[in-house]
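So for the sequence shown, the numbering used here puts the first residue at 23; every next one is plus one.
Working notes, beginning with the structure itself.
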Amino acid sequence: MNRKGFTMVEMMVVVGIIALLAAIAIPNLLRSKVSANDAAAQGTLKTIAVALENYAAINGGYPIDPNDLLGVNPPYLNQNFFVGQYSGFTYTYSFAQFAYSVVANPINSNSGTRSFTISTGAVLQ
């Protein structure tokens, strides 16, 4: 009997190899996404710090209200930084006339590995 095609054993070997490759690749892809979110949060904090430092240089102090950064033309910051979540993180702002602190917290463990803080003088922690 000369049949063309694959045997069941050959098919099972191929499926096993594909499953093994997926088991290796998928966690690495997820870690890459989390690392990218961490980097995006740090970049966002640096962008916010630059906007705050520019505001302070022009106005003689930091804004008390985050909306002060948006109420000029052009705005110091994109309003997306102030609504809910951004790149898997939520941002908490604490402004005073001569100091500021912004904390980025991951929404969950799939969106980031830790919290980041930037404070007066653009010090990222």
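By construction, the Cβ of each residue, glycine as well, lies at the ideal position given by its N, Cα and C atoms.
All figures in this text were calculated on a predicted structure; none of them were measured in a lab.
With a 10 Å radius around its C-beta and 16 neighbouring C-beta atoms as the bar for buried, classify residue i as buried or exposed.
i      : result
Phe132 : One point to set straight first is that residue 132 is Asn, not Phe, in the sequence displayed. The residue is exposed, with fewer than 16 neighbouring Cβ atoms inside 10 Å.
Pro128 : buried
Gly110 : buried
Ile48  : exposed
Phe138 : buried
Leu99  : buried
Ile140 : buried
Checking contacts by CB at 8 angstroms: is residue i closer than that to chain D?
i     : result
Leu92 : Among the chains in the structure shown there is no chain D, since it carries only a single protein chain.
On a Cα-Cα basis, can you pick out the residue from the options that is closest to residue i?
i      : options                     : result
Val125 : Met33, Ala63, Phe28         : Ala63
Asn102 : Ser141, Leu67, Gly83        : Leu67
Gly82  : Asn59, Leu74, Asn89         : Leu74
Gln119 : Ile140, Asp87, Thr139       : Asp87
Val105 : Asn89, Val94, Pro96         : Asn89
Gly143 : Ala71, Arg53, Gly65, Asn100 : Ala71
Do the CB positions of residue i and residue j come within less than 8 angstroms of each other?
i      : j      : result
Tyr122 : Tyr84  : yes
Tyr77  : Leu91  : yes
Asn59  : Gly134 : yes
Under the DSSP definition of a beta bridge, which residues are partnered with residue i?
i      : result
Asn127 : Thr112
Thr139 : Val125
Phe117 : Tyr122
Quick check on the DSSP output: what are the complete alpha helix (DSSP H) runs of length 4 or more inside the segment 36-79, in order along the chain?
Scanning the segment 36-79 from its first residue to its last, no whole alpha helix (DSSP H) run of 4-plus residues comes out.
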